[in-house]
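If you count the sequence shown from 1, you need to add 75 to reach the working numbering.
Notes for the one structure printed next.
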Amino acid sequence: MNDFSEVFGYDELKEYIHEMVLSGKIKNAYMFVGDEGSGKRTIAKRFAKTIQCETVEKKLEDHTAVISDIVPCDKCHSCLQAMSGNNPDIITIDRLEGKKSISVEEIRDKLINDVVIKPYACKYKVYIVVGAEHMTIEAQNCNP
């Protein structure tokens, strides 16, 4: 499914995301907060896929998009890469298996050192930090 319909609730957030993408006023950072299992990761991934979708981007560039068009097509190269977890411009940072926290080394390797590189194929580069509350103090405050 390529829209937000499998995430229950968050209607205002979903509407905000659609309007923001339609207006082209995408901010440089977003924080999705909620209880475990509430759909934060699903919304973040869907949002990333939406702003990377070539079909959505084309409709936005042509000024033909309406709110109902702000859903990933699941057919373009970017969507197919996102669905397979291989989109080089959507980077997910999560705790390593068996670890209780996200270390400063992981943040430096996967985010700080990578953020200076321009997007490979898409308009945006998206970093999803899953379980950011598990970052060590050093990871939260790290500098390049």
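Ideal Cβ placement from N, Cα and C applies to all residues, glycine included.
Strand pairing of residue i, partner residues [DSSP]
| i | result |
| --- | --- |
| VAL201 | ILE165 |
| ASP177 | The question names Asp, yet the displayed sequence has Ile at residue 177. Answer by DSSP bridge pairing, in chain order: MET210. |
Pairwise C-alpha distance: residue j and residue i
| i | j | result |
| --- | --- | --- |
| THR117 | VAL146 | 14 Å |
| LYS198 | GLN127 | 7 Å |
| PRO219 | MET210 | 16 Å |
| GLY99 | CYS217 | 30 Å |
| ALA104 | SER159 | 24 Å |
| GLU132 | ILE192 | 21 Å |
| GLU181 | SER113 | 25 Å |
| ASN77 | PRO194 | Bear in mind that the predicted position of ASN77 carries a pLDDT of just 49, short of 50, making it unreliable; the figure below should be weighed with that in mind. C-alpha separation (whole angstroms): 23 Å. |
| GLN156 | ILE212 | 33 Å |
| THR125 | LYS185 | 22 Å |
| ASN161 | SER176 | 24 Å |
| ASP86 | ILE92 | 10 Å |
| GLU18 | LYS134 | Outside the shown range of the chain, which is 76 to 219, sits residue 18, and nothing can be said about it. |
C-beta contact flag for residue i and residue j at 8 Å
| i | j | result |
| --- | --- | --- |
| SER235 | ALA214 | Here the chain has residues from 76 to 219 only, and residue 235 is not among them. |
| GLY109 | LYS102 | no |
Own chain, CB closer than 6 Å to residue i, minus 5 neighbours either side, in chain order
| i | result |
| --- | --- |
| ALA123 | ILE165, VAL201 |
Cβ shell of residue i (< 7 Å), same chain only, five flanking positions each side left out
| i | result |
| --- | --- |
| GLU129 | CYS151, HIS152, SER153 |
| VAL97 | Contrary to the premise, residue 97 reads as Leu rather than Val in this sequence. Closer than 7 Å at the Cβ level, and outside the excluded window around LEU97, lie ALA140, ILE142, ILE145. |
| ASP169 | VAL205, GLY206 |
| THR167 | ILE203, VAL205 |
| PRO163 | TYR195, ALA196 |
| HIS138 | none |
For this session: Any chance you could list the alpha helix (DSSP H) runs of at least 4 consecutive residues sitting entirely within the segment 84-131, in chain order?
Result: Taking only runs of at least 4 residues, the alpha helix (DSSP H) segments lying wholly in the segment 84-131 are 86-98, 115-127.
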